[in-house]
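What follows is a single structure, written as structure tokens, with notes after it.
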Amino acid sequence: MDKQAKIYVAGHRGLVGAAIVRCLQAQGFEHLRLRTHAQLDLTRQAEVEAFMQQEQPDYVVLAAAKVGGIHANNEYPADFIYDNLLIEANVIHAAFQAGVQNLLFLGSSCIYPKLAAQPMREDALLTGALEPTNEPYALAKIAGIKLCESYNRQHGTQYRSVMPTNLYGTQDNFHPQNSHVIPALLRRFHEAKVNQAESVTVWGSGQVRREFLHVDDMAAACVFVMQLDAHTYARETQPMLSHLNVGVGTDVSIRELAEKIQQVIGFTGQIFYDTSKPEGTPRKLLDASRLQRLGWRAQISLAQGLEDTYRWFVQHQDEYRA
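Using the numbering used here, the first residue of the sequence shown is number 5, and each one after it goes up by one.
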């Protein structure tokens with residue numbers, strides 16, 4: 005990638021988009037094209053097409069999405085499938101119309117069947133039923149992968165897709181109801197410590213297992229995949245199985261995660277598990293061997309990442325008061 009290339013990062017204020025911007029800037033890419041939601045509503049086709057025609061970016065990174073945890077996915081399923089389908093369709097098609105040959109689409113590990121063999125390989129896609137709690141979001145992400153593949157097959161573009169495992173890190177969403185598990189638990193344990201509570205309650209049994217990737221590692225993987233030449237990328241992909249998993253290769257139980265967060269924060273009370281609450285898929289571990297063979301591996305440990313994320317939350321907690 006030419007350091008003078010114009011790169012549009014959609015969703016640059018989100019967890020992943022912000023990390024990608026930091027990574028690109030650190031590597032010397034200066035011509036980034038960024039727009040807030042107020043400046044450019046990606047669900048509006050005409051706005052997106054006008055923006056692409058005006059800016060004529062060389063690369064597009066599609067990190068914009070409507071995201072949330074189990075509670076949000078359960079409460080707003082129509083919003084999650086509708087908004088994400090619109091964003092993907094508008095950005096990908098408008099990029100093609102503007103002559104953009106290189107695009108990176110960010111998906112999610114929830115695209116795989118609920119009971120997929122572990123670790124989940126890329127070829128598990130569309131082999132079984134999805135987890136019901138986030139099926140609308142997952143279907144939208146699957147559609148995004150297939151949009152990229154279809155434009156590649158019909159028009160010869162280089163539209164690539166990466167599927168991260170569960171992400172966390174600085175600039176995460178710490179909303180008390182709509183956040184993912186790590187920011188939710190960091191906030192819950194922090195508030196329990198501050199309020200001198202005797203216990204913290206964690207949703208579910210604590211037995212389900214999850215893999216966690218720091219967002220700065222994800223950003224590094226995205227920039228790495230964007231810079232692969234076509235021949236190298238094709239070595240580990242196929243025209244109709246073109247996405248790459250991004251993960252660390254190990255997972256932990258939610259009980260182990262809660263105990264790690266308890267230690268990071270210094271909370272001395274008890275932990276209780278509410279088994280009446282949903283907890284999602286039993287296990288989600290990605291097989292990231294294809295990306296590893298291409299030359300990329302995660303660098304940030306879970307312990308280091310939790311400490312960094314908690315430090316950031318403490319510095320910005322006033323922004324997240326209910």
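The C-beta atom is built at its ideal place from N, Cα and C for all residues, glycine as well.
Model, not experiment: these values are computed from the prediction.
- Sixteen is the threshold: when 16 or more other Cβ atoms of the shown chains lie within 10 Å of the Cβ of S113, as they do, the residue is buried.
- Nearest C-alpha to Q181 among R191, P168, A144, Q175: R191.
- About 7 Å separates the beta carbons of A14 and V64, which is inside the 8 Å limit, making them a contact pair.
- For W316, the enclosing alpha helix (DSSP H) starts and ends at 306-320.
- Note: Y63 is bridge-paired with I11, N106 in the DSSP secondary-structure output.
- In the three-state DSSP reduction, P243 falls in the coil class, being neither helix nor strand.
- Straight-line measurement puts the Cα of A120 at about 7 Å from the Cα of G132.
- Close CB contacts of A196 within its chain, under the 8 Å cut and outside five residues either way in sequence, are with S203, V204, F271, G273 (chain order).
- A straight line joining the alpha-carbon of V25 with that of R213 spans about 30 Å.
- When DSSP assignments are scanned along the segment 99-154, the uninterrupted stretches of beta strand (DSSP E) that are 3 or more residues long and fall wholly within it turn out to be 106-110.
- Residue pairing by DSSP places L28 in no beta bridge whatsoever.
- In this structure, I258 places its C-beta atom within 8 Å of the C-beta atom of V206.
- If you compare the alpha carbons of H235, Q211, I186, N156 with that of P243, the shortest gap goes to N156.
- Counted as a single uninterrupted DSSP element, the beta strand (DSSP E) harbouring S203 occupies residues 203-207.
- Taking the C-beta atoms as reference points, Q158 is found no nearer than 8 Å to N94.
- Counting along the chain, F193 sits inside no beta strand (DSSP E); it lies in the alpha helix (DSSP H) bounded by residues 185-198.
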